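As you go down the protein sequences, you meet chains U and Y in turn.
With full-length UniProt numbering as the guide, the letters of the first sequence map in order to residues 1 to 296.
With full-length UniProt numbering as the guide, the letters of the second sequence map in order to residues 1 to 245.
Quick reminder that beta carbons are idealized off the backbone N, C-alpha and C, glycines included.
These figures come from a predicted structure and were not determined experimentally.
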Amino acid sequence: MRSQLVKSKARRPKRRRQGLKSWPITFSPFARALALARMPKRHSQNPTSSVNIPRHSHSSDDESFDGVIQADFSFFDPKPQDFHGAKTLLQTYLDDHEWDLSSFVDLILDQTTVGTVVKIEGDEDEGIFALVTALNFHRYREHRCFFTLKEFLLRKARQDKAVADRLRLLLEEQSRVVGLLVSQRMLNLPPQLLPHLYAALFDEVSWATEDEPTEELRNSFKFKHYIILSKIYVQKSAQQKRKPSNDNDEAIIYVKAEDEIFHKLRNYRPTGLVMAVEVDKIATFRQELASLISET
Amino acid sequence: MATRLQFENNCEVGVFSKLTNAYCLVAIGGSENFYSVFESELADVIPVVKTSIGGTRIIGRLCAGNKNGLLLPHTTTDQELQHLRNSLPDQVVVQRVDERLSALGNCIACNDHVALTHTDLDRETEEMIADVLGVEVFRQTIAGNILVGSYCAFSNRGGLVHPHTSIEDLDELSTLLQVPLVAGTVNRGSEVIAAGMTVNDWTAFCGSDTTATELSVIESVFKLREAQPSAIVDEMRKSLIDTYV
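Right under this line is the structure:
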């Protein structure tokens, strides 16, 4: 049934090849030029991307290039070398609250069975473009970073007493079946990757419920709820918007598009930032995400 | 003793502070945690001064100094200059330098006797360094990097340099600086040594991502384990027998 899945200690990149009508995601004109110079070697059928790219390109105008650029995004299990990249992605996870981010990142990277990291294949930089994982609240309850996280969530929910109570219930009494869904990525990441990314995560969770060595670990992945911390922009008043948008009627703008789908499927009314989603709704989520991406 | 700390979730403590044998400069942060760690370590011995340079918080990378003086970039405002002159001890000469390469902390690495500088530094600046800081100046590169102030950190007792420094370079630098040098990393593999840590003769502050191995290397090369904050240690060095290891 699952013969193609080999979760061996040797790391297996799960390949998702995507054609992009956009730039390789790099941080500087120089890196972009390098990335473009590398790519024609891998994809000889690449139609227009020019081969003679100066190594030290100082010009910052990208308009001279047009056509389809191929980039190979690969999905990997998290490993310790990803520490700095993952830490950068999670830097603003709890806004500007001072907390033990390094040990939180260590927890994510230690959990190799559930969790995916998106990188460019063969990139020496080992830069991470996206990270998804699900952490069981009960399993990590002893860690200081989880204390801080729970405190932060409860503080954010405090405005609405009913919600705060239900959140506390989830985080404490029911913590065995509640998972923290961490999903951070570079905002320009091609949206075509998202359905695959979330598919990878939810598949890994279901595989982990059967493949984990100990009973306890298996049970720790039988989630009933996911907690998601997401950033949104809320329209302050009729006139003012924090971020301009084409759709004038939008009251809430989500930094990550899939959060909107989560919001629709929610079971608990979010107070801006924290959502708890029932696991049964995940299938619906995956369908809607696929349709959202194919529309955009 | 080496201490691990963070500046507002950022492990690059050498960017937001400047530590010498006579004073310590600290950036103004949102919370007081950063400042209070320095205070608790250094309060009785040297003044800990909160400041900004040119309105920014990256003071460790903009200024260069030792116990004799402090050099500031031309972007420093008059108020900041006055504040520093008032807060620092009188024997410390505070001087603003008109230099095109204004990130002096990235271009100059120094202790109380020797300074390594960026190869393209102005001649006038070099003279000012020799004058104000009372040091001998050498134009050098470290592992091929011209930003010597970023890729090495040294005190009067030892130094830590970029991990890819070759053995020959290490020997050459060690002869120039007259201190033992070690190639290593800080903050869990970061090569930018001086951004990740700051050090003087008896104490060091490193980013909280620094592993235990890195910390022990730092403590051994800078000889922090039996260090005393005494100004006379250097003078008495010749007549004292060093501790038996």
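Beta strand (DSSP E) segment containing residue i, residue limits
i                : result
Lys67 (chain Y)  : Per DSSP, Lys67 (chain Y) belongs to no beta strand (DSSP E) and is neither H nor E.
Phe205 (chain Y) : Ala204 to Gly207
Thr133 (chain U) : Ile128 to Asn136
Arg96 (chain Y)  : Val93 to Arg96
Val68 (chain U)  : Counting along the chain, Val68 (chain U) falls outside any beta strand (DSSP E), and DSSP gives it neither H nor E.
Val177 (chain U) : Counting along the chain, Val177 (chain U) falls outside any beta strand (DSSP E), and DSSP gives it neither H nor E.
Thr3 (chain Y)   : Ala2 to Leu5
Ala157 (chain U) : First-last for Ala157 (chain U): undefined, no H or E at that position.
CA-to-CA distance, residue j to residue i, given in whole angstroms
i                     : j                : result
Phe38 (chain Y)       : Ala22 (chain Y)  : 14 Å
Asn156 (chain Y)      : Ser206 (chain U) : 58 Å
Val68 (chain U)       : Pro190 (chain U) : 13 Å
Glu172 (chain U)      : Ser230 (chain U) : 21 Å
Asp203 (chain U)      : Gln159 (chain U) : 35 Å
residue 265 (chain Y) : His164 (chain Y) : Residue 265 (chain Y) cannot be examined here, being either before or after the span of chain Y that is shown, 1 to 245.
Ser31 (chain Y)       : Val48 (chain Y)  : 16 Å
Leu215 (chain Y)      : Leu181 (chain Y) : 15 Å
Leu101 (chain Y)      : Asp131 (chain Y) : 19 Å
Ala148 (chain U)      : Leu154 (chain U) : Looking at the sequence provided, one finds Thr at residue 148 (chain U) rather than Ala. The alpha-carbon atoms of Thr148 (chain U) and Leu154 (chain U) are separated by roughly 10 Å.
Asn9 (chain Y)        : Cys63 (chain Y)  : 23 Å
Thr209 (chain U)      : Lys222 (chain U) : 6 Å
Glu219 (chain Y)      : Asp78 (chain Y)  : 38 Å
Met128 (chain Y)      : Val26 (chain Y)  : 24 Å
Gln192 (chain U)      : Pro80 (chain U)  : 27 Å
Gly122 (chain U)      : Thr210 (chain Y) : 28 Å
Gln174 (chain U)      : Arg185 (chain U) : 29 Å
Ala199 (chain U)      : Gly179 (chain U) : 16 Å
Leu109 (chain U)      : Arg139 (chain U) : 15 Å
Buried or exposed (CB count within 10 angstroms, at least 16 for buried), residue i
i                     : result
Arg123 (chain Y)      : exposed
Asn188 (chain U)      : exposed
Pro78 (chain U)       : buried
Ile28 (chain Y)       : exposed
His58 (chain U)       : Low confidence applies to His58 (chain U): its pLDDT is 39, below 50, so where it sits in the model is not reliable, and the reading given next is rough at best. With fewer than 16 other Cβ atoms within 10 Å, it is exposed.
Ala183 (chain Y)      : buried
Ala195 (chain Y)      : buried
residue 306 (chain U) : The structure shown does not extend to residue 306 (chain U), since chain U is modelled only from 1 to 296, so the question has no answer here.
Thr133 (chain U)      : buried
Cys167 (chain Y)      : First, the amino acid is wrong: residue 167 (chain Y) is Ile here, not Cys. Exposed.
Thr119 (chain Y)      : exposed
residue 254 (chain Y) : With chain Y covering 1 to 245 only, the question about residue 254 (chain Y) has no answer from this structure.
Asp98 (chain Y)       : exposed
Ser40 (chain Y)       : exposed
Gly115 (chain U)      : buried
Glu12 (chain Y)       : buried
Gln140 (chain Y)      : buried
Thr185 (chain Y)      : buried
Asp112 (chain Y)      : buried
Arg144 (chain U)      : exposed
Neighbouring residues, chain Y, relative to residue i (Cβ below 7 Å)
i                : result
Leu101 (chain U) : Asn9
For residue i, three-class secondary structure by DSSP
i                : result
Val117 (chain U) : strand
His84 (chain U)  : helix
Arg188 (chain Y) : coil
Asn10 (chain Y)  : strand
Asp110 (chain U) : helix
Tyr233 (chain U) : strand
Asp131 (chain Y) : helix
Ala194 (chain Y) : helix
Tyr35 (chain Y)  : helix
Leu160 (chain Y) : strand
Leu90 (chain U)  : coil
Asn219 (chain U) : helix
Val45 (chain Y)  : coil
Tyr23 (chain Y)  : coil
Phe16 (chain Y)  : coil
Lys50 (chain Y)  : strand
Ala143 (chain Y) : coil
Ile58 (chain Y)  : coil
Chain-ordered chain Y contacts of residue i [CB-CB under 8 Å]
i               : result
Glu98 (chain U) : Gln6, Glu8, Asn9, Ser31 and Asn33
Limits of the alpha helix (DSSP H) - the one that residue i falls within
i                : result
Glu136 (chain Y) : First-last for Glu136 (chain Y): Glu136 to Arg139, but that is the beta strand (DSSP E), not the alpha helix (DSSP H).
Thr209 (chain U) : Leu193 to Asp211
Gly105 (chain Y) : Leu104 to Cys107
Gln79 (chain Y)  : Asp78 to Ser87
Leu176 (chain Y) : Ile167 to Leu177
Thr213 (chain Y) : Ala212 to Val221
Tyr140 (chain U) : Here Tyr140 (chain U) belongs to no alpha helix (DSSP H), and DSSP marks it neither H nor E.
Beta-carbon neighbours of residue i, restricted to chain Y and to distances below 9 Å
i                     : result
residue 298 (chain U) : With chain U covering only 1 through 296, there is no way to say anything about residue 298 (chain U).
Gln91 (chain U)       : Asn9 and Asn10
Cβ-heavy atom distance, residue i to the ligand ZN, below 7 Å
i               : result
Asp95 (chain U) : In the structure shown, the ligand ZN is absent, as is every other ligand, since no ligand is present at all.
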